[in-house]
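*Asks:* Numbering (full-length UniProt numbering), first residue to last: 1 to 421.
For each residue, glycine too, the CB sits at the ideal point set by N, CA and C.
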Amino acid sequence: MSFLPTEDSVPSVSSAISYFQSPNVDVSVKSAYFDPIYPVVPLSDGSPIHFRFSSNENYYSDMRNSILELKVKVFKSDGNPVTDSDNVSYDDGGIMNTLFQNIQVFVNDTLVSSGNSLSAYTSFASYTLLTPNSTKKSRGSNYGFYTKEDGTLDPKLAVLATETLHLAARPSHDFFQLNQFIPPGLKIDIKFSPSLPRFVFRKLEKAAPDVKLTISEAVLHIRKVKIVSSLALAVEKIKASGSNLKIMIPKLMPTARIIPTGSLSFAESSLTTYGHLPSKVILGLVKTSNQLGSYESSPFKFELFHLSSLHLKVNGQPIYSLNFSDQSYRLLYEMSMRTLGGDETTFENGLSYDKWIRDSSLICLDISGTPDLSLIKDGTLRLDLTFSQATDASVSLIIIGFQETFLEIDKSGAVFLPIAP
């Protein structure tokens, strides 16, 4: 079989027989190590865990490969240990993803990222939708799951495994997704605000006891990367000349809307964040009583509530017009997985259609039309939903917008953010 190249084809040689060309080599990094950062103030129940750090000389901070290590003590409200007969488990997203209701990041005392008390939802969505299934299976225990003999993960057994649970994982937060290093000279403050226990644990039966937890130890291991002196000097010279540093942040912007009991429809004409259009948007419907935290049911039990149609408009122009008169959501599922980059040869989050329908009906819709970095665009984003049956309870619509933005830092250290945190 032969192939006829077109006039625009670019000739190339297979890397298997490329004998005379050396591969690209990174000459910017000399070495790296993990720097343990401890809380600014002693830990106390319910109070934020506050870390502060900065880089110096030629060392830059690699947030994408940094790790939060926690030791969590679990016990019943009467102080006794949890037993199997108590029928209590962690929630389905893993304790590392549900433990904090808000994560705030400050750069030089300027707030650049905040979950608005919905950080657990962005962490859960990021872990559920964007984490490869192989990672979930191999490192699930680091997020608070317990691996059974058959290899499956069981959040109930994690409670019973030990009175002190040892966790170590990268937080599922936008500031820990940076592809760029944080340069020296910047003061970074990160505050982790714990969730209420009823948001972290779930009773498997009504008679199960209340469970509490205490974070007994917390260490943030920041990966420090040493840059070659010539490159570090070049960065400082460019900054001193008046050019601002720009650090890209893949922000996840969460918000919530309430759909009242008895609703057959819902309309929201302002899904945008401060007037900016997201590149993607995640939508999740959950009972409001669950969203506020309930031992009896999961705050991450996303359902479709007999959704019969979904319409999304950008600046008045329809980009999604979907009807589900037969209550089949396979098209919506496939669109969501494709929006996430769901080529079956390169991406697999382990979320089958059946599991998506049963446990995690998160809807992900593309707005920008491109998988690449898109411009920050202003405009309006309108969502219309209808239901074939009236909602039998108040429902919270969790909205998470994806927006690629950047921090801009001038030579005086002042921080600017095009999109408010």
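#1: If you reduce the DSSP assignment to three classes, tell me which class E57 lands in.
#2: Is the CB-CB distance between S113 and D210 below 7 Å?
#3: Grab me the residues of V72's own chain with a C-beta within less than 6 Å of its C-beta, minus the 5 sequence neighbours each way, in chain order.
#4: Run through DSSP, which three-state label would V41 get?
#5: Just tell me which of F51, A16, K411 and Q21 has its CA closest to the CA of V235.
#6: Quick check for students: name the residue ranges of the alpha helix (DSSP H) that lie wholly in the segment 196-260, counting only runs of 4 or more.
#7: Taking the beta strand (DSSP E) that Q327 belongs to, which residues open and close that run?
#8: What span of residues does the beta strand (DSSP E) with K313 cover, start to end?
#9: Can you tell me whether S31 is helix, strand or coil according to DSSP?
#10: Apart from the five residues on each side of it in sequence, which residues of its chain come closer than 6 Å, Cβ to Cβ, to F20?
#11: Assuming the contact rule is C-beta atoms closer than 8 Å, I399 and L283 should be a hit. Round their C-beta distance to whole Å, please.
#12: Just to confirm before moving on: does the CB-CB distance between S28 and L167 stay below 7 Å?
#13: Determine the DSSP secondary structure at L130, reduced to helix, strand or coil.
#14: May I ask you to report which of helix, strand or coil DSSP gives N102?
#15: Closest to S328 by CA distance: which of L304, L312 and N349 is it?
#16: For S263, tell me which candidate among H306, I247 and F100 has the shortest Cα-Cα distance.
#17: Just the C-alpha distance for V225 and D26, rounded to the nearest angstrom, thanks.
#18: Could you check what DSSP says for F406 in three-state terms: helix, strand or coil?
#19: Could you tell me the alpha carbon to alpha carbon distance between T345 and Q403, rounded to whole angstroms?
#20: Cα-Cα, which of S360, L365, L331 and N87 is closest to L340?
#21: What span of residues does the alpha helix (DSSP H) with D354 cover, start to end?
#22: Since L111 sits in a beta bridge, which residues does DSSP pair it with?
#23: Note down the Cα distance separating A218 from N323, rounded to an integer number of angstroms.
#24: The beta strand (DSSP E) spanning T386 covers which residue range?
#25: Out of F387, S66 and S47, state which residue places its alpha-carbon closest to the alpha-carbon of I37.
#26: From S289 to L383, what distance separates their C-alpha atoms?
#27: Assign N58 to buried or exposed, taking buried as 16 or more other Cβ atoms, counted over all protein chains shown, within 10 Å of its Cβ.
#28: Measure from the alpha carbon of S172 to the alpha carbon of each residue in S44, L43, I103 and T380, then state which is nearest.
#29: What whole-angstrom Cβ distance do H221 and E69 have, given they're in contact under 8 Å?
#30: Using a threshold of 7 Å, state whether the C-beta atoms of P299 and G401 are closer than that.
#31: So what's I67 in DSSP terms, helix, strand or just coil?
#32: Helix, strand or coil for A414 per DSSP?
#33: Taking 8 Å as the cut-off, does the segment 201-209 touch the segment 72-90 (at least 3 CB pairs, one atom from each stretch)?
#34: Exposed or buried, D62, counting other C-beta atoms within 10 Å across all chains shown (16 or more means buried)?
#35: Please state the DSSP three-state secondary structure of A390.
#36: In angstroms with no decimal places, state the Cα-to-Cα distance between A256 and K377.
*Replies:* Walking through what the data contain:
#1: coil
#2: Contact: no.
#3: L165, L213 and I215
#4: coil
#5: K411
#6: Runs found: 197-200 and 229-240.
#7: Where Q327 is concerned, there is no enclosing beta strand (DSSP E), given that its DSSP letter is neither H nor E.
#8: L307 to V314
#9: strand
#10: Excluding positions up to five away in sequence, the list is empty.
#11: 6 Å
#12: L167 is positioned such that its CB atom lies no closer than 7 Å to that of S28.
#13: helix
#14: strand
#15: The residue from L304, L312 and N349 with its alpha-carbon nearest to that of S328 is L304.
#16: H306
#17: 13 Å
#18: strand
#19: Annotation note: pLDDT 43 at T345 (below 50); position unreliable, no value reported.
#20: L365
#21: Run containing D354: Y353 to R358, per the alpha helix (DSSP H) assignment.
#22: According to the DSSP secondary-structure assignment, L111 is paired through a beta bridge with F106.
#23: Distance between the alpha carbons of A218 and N323: 48 Å.
#24: L381 to F387
#25: S66
#26: 23 Å
#27: buried
#28: Nearest to S172 by alpha-carbon distance, out of S44, L43, I103 and T380, is I103.
#29: 6 Å
#30: no
#31: strand
#32: coil
#33: yes
#34: buried
#35: coil
#36: 22 Å
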